[in-house]
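Before any comments, here is the structure.
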Amino acid sequence: MKKKILIFIALLFFALGLTGCSSNQKSVAQQANTADTWSHIKKRGRVIIGLDDTFVPMGFRQKDGKLVGFDIDLAKAVFKQYGIKADFQPIDWNMKETELRNQTIDLIWNGYTITPAREKQLAFSRPYMANRQVLVTKTSEKINSFKDMQNKTLGVQTSSSGASLLDEHPTMLKNYIKNKTPVLYDSFNNALMDLDDNRIQGLLIDSVYAGYYISKEKDPDSYNTTRGGFSGEDFAVGMRKGDKTLKKKIDTGLQHLSNTGELQKISQKWFGNSDNILIKPNNK
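Each residue of the sequence shown is one higher than the last, beginning at 35 in the numbering used here.
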């Protein structure tokens, strides 16, 4: 009997120890999320930016492996003002918020959409670009509305704003598609290849990506883009809630680039216009 009691007491202390460790780990994570890390970033001389390196034209790899894109140029231009190097870290887009919370990266800057759910977890810079979700199909499929996707297969990127909208407003599109369930992809590149091979008949995708991709294809007219009923969305930079100084530096830097016209030049380089830019010069 005494032996059983001793074993029980030992197990009880072990369980309490695990609970204490779990609480301590949670406390450390919470502290990391509320810390202002600007002084550390400035001392280090570089900021680590997480991105999906297949998201054209925001941030992607050329054939030679070099990272390029609108957000790449923009982030470099912002931090150049503060003498800080922008380092880019490709991440699993499905784990982006976890990477930020664990301090593997300092920022999420890659066509990152502001949503109410994300605002509960992290802070955002001021929005800098307008975007929306569109349905891309092959013209031969003669799909001109969301309803035309009845019993057809839809693709969507895992953990994207498109995937969230699909779930939040099922009557708009989700209820029409085959099995009311989309095919999930890690990247739009793989989804577009499946679209070309007719393994899926539609792809819910960011308009900035769709427009750039289609414009570079040999036969742009072979693709059809349908806007549907989803509302527009804005791109911004995601960061931990405690990084108030970092947010201020990014917001100020973005405004300065707009005032000097450099923001518009970067947009012209990648999109041929600056129509989607939300930050207007305040010196006119």
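By construction, the Cβ of each residue, glycine as well, lies at the ideal position given by its N, Cα and C atoms.
Could you give the distance in angstroms between the alpha-carbon of R95 and the alpha-carbon of L288?
Taking the CA atoms as reference points, R95 sits about 24 Å from L288.
Applying the criterion that 16 or more other CB atoms from any shown protein chain within 10 Å of the CB defines a buried residue, is A270 buried or exposed?
It counts as buried.
CA nearest to the CA of P315, picked from D228, L291, F89, R160:
L291
Cα separation between E267 and K77?
35 Å
What are the uninterrupted segments assigned as beta strand (DSSP E) that are 3 or more residues long and contained completely in the segment 159–200, given in chain order?
163–165, 167–172, 188–191
Since D268 is in the beta strand (DSSP E), which residue starts that stretch and which ends it?
267–273
What are the boundary residues of the beta strand (DSSP E) that Y219 is part of?
217–219
Cutting at 8 Å between CB atoms, please list the residues of its own chain near Y116, excluding the five before and the five after it.
K76, K283, G287
Exposure label - T138; buried when at least 16 CB within 10 Å:
exposed
Closest by CA to T173, which one among N258, W127, D98, I311?
N258
Residue closest to D70, alpha-carbon to alpha-carbon, out of D220, L280, N293
L280
DSSP three-state assignment for R135, whether helix, strand or coil:
helix
Judging by CA-CA distance, which residue of D140, S256, L108 is the nearest neighbour of N232?
S256
If the criterion is Cβ atoms closer than 8 Å, does the pair R274 and R166 meet it?
By the CB criterion at 8 Å, R274 and R166 fall outside the cutoff.
If the criterion is Cβ atoms closer than 8 Å, does the pair K212 and N185 meet it?
yes
Can you check the segment 255–316 for any alpha helix (DSSP H) of at least 4 residues that lies completely inside it and give the ranges in chain order?
278–294, 296–305
Bounding residues of the beta strand (DSSP E) (the contiguous stretch that carries V81)
80–85
Closest by C-alpha distance to F158, when choosing among I142, L169, V168
The candidate whose alpha carbon is nearest that of F158 is I142.
Strictly by DSSP, which residues pair up with G236?
L188
Would you give the residue range spanned by the beta strand (DSSP E) that G145 belongs to?
Residues 141–147.
Measure how close the beta-carbons of G196 and I239 come, nearest whole angstrom, since I'm counting them as under 8 Å.
Indeed, because the Cβ distance is near 6 Å, the residues count as touching under 8 Å.
Once DSSP output is grouped into helix, strand and coil, what is the label at V102?
strand
Limits of the beta strand (DSSP E) - the one that D121 falls within
119–124
Cross-strand partners of T88 (DSSP beta bridge)
Listed as beta-bridge partners of T88 by DSSP are F94.
What's the C-alpha gap between S57 and N67?
Unreliable placement is indicated for S57, whose pLDDT of 49 sits below 50; no coordinate value is reported for it.
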